[in-house]
Amino acid sequence: MKAIMLSINANDCELIVSGKKSLVICRTEPKLERPSVCYVYHTKTRNAGVRWNDWADCLRLPNGEFINAGGKVIGEFVCCGIMHPFSDLRFMAKQSCLSVDELLLYSHGKTPYGLRVADFKLYDKPKELGDFRKACQYAKCEKENCPHALVKITDRINLLTGEQEFYALDGKPKWDVEFIGCANKLTRPPRTWQYVQTL
Ligand SMILES: [Zn+2]
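Numbering of the sequence shown is given in the working numbering, commencing with residue 1 and proceeding in unit increments.
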């Protein structure tokens, strides 16, 4: 299933967590064919010329508690509709907690796309980028042909632990193998959004 990850600043994360922001603005449209999972990456506070201490990226939860969220995936929501350009600007701005001016500034004068947020779920413990996999560009990704394939060698048991061994085989399975998944890990945050695999 197709999913995306969005880079969202601290302020907007807080608005999503508190349920005030029900629309996430994007300059380009993710091609999602049905309601899809969107992971929320909380960006690090990194303004040029400004130095912050190490708890500048704390996220305030609705119960008043703070968690350290910068550079982590804090939760997910279901995108249940994409508002297209030429929509009502004032409505769009209100749903995304922006002014009309801010909306136009963000999109360089064009009306952007708006992802409708439903069922936001905050993780008990924020997830790391490395817990996620990129949407793999290899057509044969679902099989062990993918260069990132992680496979289980079905006839090989570790003699010390008695457990099955796992190997990445660089797309060249040499033994009888069972495909576990694609290990194409996410190493850097999306610039705005990018396709990822569902967890
Ligand atoms: Zn793959």
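From the three backbone atoms N, C-alpha and C, an ideal C-beta is built for every residue, glycine too.
query, result
"Distance between beta carbons of I74 and L122, contact taken as under 8 Å", "6 Å"
"Euclidean distance between Cα positions of E102 and I8", "16 Å"
"A56 beta carbon near ligand 1 (any heavy atom closer than 8 Å)", "no"
"For F77 and G68, the rounded distance between their alpha carbons", "Here residue 68 is Asn; the residue named in the question, Gly, does not match the sequence. Near 20 Å, if we compare the C-alpha coordinates of F77 and N68."
"Residues near A118 by beta carbon distance below 7 Å, same chain, minus five either side", "F77, V78 and C80"
"Cβ neighbours of G181 in the same chain (closer than 6 Å, five flanking residues each side left out)", "L150"
"Start-to-end residues for the beta strand (DSSP E) that takes in D288", "Outside the modelled stretch of the chain, which goes from 1 to 199, sits residue 288, for which no answer is possible."
"Those runs of the beta strand (DSSP E) which lie wholly inside the segment 43–104 and span at least 3 residues", "58–60, 66–68 and 72–83"
"Alpha-carbon to alpha-carbon, C97 and S87", "16 Å"
"Buried or exposed (CB count within 10 angstroms, at least 16 for buried), W193", "buried"
"Identity of the residue in V17, R188 and M92 nearest K110 by Cα", "M92"
"Closer than 8 Å: Y138 CB and nearest ligand 1 heavy atom", "yes"
"Member of K2, C13 and P189 whose CA lies at the smallest distance from the CA of R60", "C13"
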